[in-house]
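Here is the structure we will look at.
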Amino acid sequence: MEIFKYMEKYDYEQLVFCQDKESGLKAIIAIHDTTLGPALGGTRMWMYESEEAAIEDALRLARGMTYKNAAAGLNLGGGKTVIIGDPRKDKNEAMFRAFGRFIQGLNGRYITAEDVGTTVADMDIIYEETDYVTGISPAFGSSGNPSPVTAYGVYRGMKAAAKEAFGSDSLEGKVIAVQGVGNVAYNLCRHLHEEGAKLIVTDINKEAVQRVVEEFGAKAVDPNDIYGVDCDIFAPCALGGIINDETIPQLKAKVIAGAANNQLREARHGDIIHEMGIVYAPDYVINAGGVINVADELYGYNRERAMKKVEQIYNNIEKVFEIAKRDNIPTYKAADRLAEERIEKMRKSRSQFLQNGQHILSRRRNR
Ligand SMILES: NC(=O)C1=CN([C@@H]2O[C@H](COP(=O)(O)OP(=O)(O)OC[C@H]3O[C@@H](n4cnc5c(N)ncnc54)[C@H](O)[C@@H]3O)[C@@H](O)[C@H]2O)C=CC1
Ligand SMILES: CC(C)CC(=O)C(=O)O
391 MEIFKYMEKY DYEQLVFCQD KESGLKAIIA IHDTTLGPAL GGTRMWMYES EEAAIEDALR
451 LARGMTYKNA AAGLNLGGGK TVIIGDPRKD KNEAMFRAFG RFIQGLNGRY ITAEDVGTTV
511 ADMDIIYEET DYVTGISPAF GSSGNPSPVT AYGVYRGMKA AAKEAFGSDS LEGKVIAVQG
571 VGNVAYNLCR HLHEEGAKLI VTDINKEAVQ RVVEEFGAKA VDPNDIYGVD CDIFAPCALG
631 GIINDETIPQ LKAKVIAGAA NNQLREARHG DIIHEMGIVY APDYVINAGG VINVADELYG
691 YNRERAMKKV EQIYNNIEKV FEIAKRDNIP TYKAADRLAE ERIEKMRKSR SQFLQNGQHI
751 LSRRRNR
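For the sequence shown, our numbering begins at 391 and goes up steadily by one.
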């Protein structure tokens, strides 16, 4: 991978490599765009096949956060971190303290939170070293684990997608195939079960599957079989890239609506599912609940205010469908349009000069 070429193509601002030998920290912080404000995005800990795969994931996820934060109406830019390692074996306190110091060194250009493989306890350790962390324990007056709120937002967005596809937003009796039943999807399954949906689930973690089978009466299938099951809605809630040339021909669902980031392996896969008549709720619009919730910490966390904004995900998904119809484009492009228009407007308004203490004028005054 030619890193600068890739960064130039999608206009990334910064890529930071963090190494701490003592603790074993190998982290990559990617900052995509800070037009709207400091970059906020979670930290993923994962066993990448190669350093290149880790860099690519950090970059793709960071760009997704720029679009997610913009489409959600947040005054935040996009960034993300990946830590290379096994979250079950390789974590230690010194690692997250070292990581916190690296974040502090960015002086507020990047703010972190949880993602796959990291927890509230990890964020609490980072908080020992920097203020630029969210999703820390409610004991600190913060919002805690974002996953249940992400799940609620996905549930609301899925209802809006169901209304578009089936004419009613009720999920009662709908067959919903859920891929990955981790932190977000466990909570999503609870909402779906409470509304009377029928669940088909899979995960590579057998205990996670067992829990939703026992608690919500879900039917379990093997991970490779989830794409082809007979269902109304497919909810990808594991990792990215799962809508691709191999999986699309197997799909029977009329709707795709789930929590996973970067669901389309390539943009053209969004065109293919559009042509097939599948209603796709763009990933970064439907899964914004978590970031909306943690971002509220920056104002002094207020759950009621945060949840009001999360409710808006239903309307945001409707807005995406409206733009898609108005401009006769697939929904993934409509979502990009929504986000890009907002960023562009703000970029223009910020081009006016503001005396902010950093300009040559302020240095002259202090001489
Ligand atoms: N946690 C949050 O608040 C947010 C999460 N997301 C995204 O949602 C997705 C899920 O996040 P979490 O629930 O937090 O992660 P998680 O790690 O708790 O859950 C993911 C689950 O997917 C399973 N999995 C991995 N590969 C699989 C495969 N090939 N087949 C079936 N199952 C597989 C894992 O075993 C795990 O149980 C991720 O893509 C994440 O980036 C997006 C926005 C916010
Ligand atoms: C989980 C979040 C708090 C932020 C994030 O990284 C995301 O939405 O993907």
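Cβ atoms here follow ideal geometry from the backbone N, Cα and C, with glycine treated the same way.
Item: Within 8 Å, strictly: CB atoms of Ile526 and Phe486; Value: no
Item: Continuous alpha helix (DSSP H) assignments of at least 4 residues falling wholly in the stretch 392-430; Value: 393-399
Item: Residues bridged to Ile473 [DSSP beta-bridge criterion]; Value: Ala417, Met435
Item: Own chain residues within Cβ distance below 7 Å of Ile662, not counting five before or after; Value: Ile638
Item: Coil, strand or helix - Glu554 by DSSP; Value: helix
Item: Any non-hydrogen atom of ligand 2 closer than 7 Å to Pro477 Cβ; Value: no
Item: Beta-carbon gap between Met426 and Ala685 smaller than 8 Å; Value: According to the sequence displayed, residue 426 carries Leu and not Met. Against a cut-off of 8 Å, the Cβ pair of Ala685 and Leu426 comes out as no contact.
Item: Any 3 or more C-beta pairs closer than 8 Å across the stretch 556-565 and the stretch 527-543; Value: no
Item: Distance cut-off 7 Å: Glu585 Cβ against heavy atoms of ligand 1; Value: no
Item: Which residues DSSP lists as bridging Gly467, in chain order; Value: Ala429
Item: Spatial neighbours of Asp480 in its chain, beta-carbon cut-off 7 Å, leaving aside the 5 residues before and after; Value: Gly414
Item: Backbone secondary structure at Val645 - three-state DSSP; Value: strand
Item: Per-residue burial, Glu554 [other beta carbons within 10 Å of its own, 16 or more giving buried]; Value: buried
Item: Stretch-stretch touch, CB-based, cutoff 8 Å, three pairs: the stretch 597-606 with the stretch 678-692; Value: no
Item: Contact set, ligand 2 heavy atom to C-beta under 5 Å; Value: Gly431, Gly432, Ala503, Asp505, Pro536, Gly680, Val681, Val684
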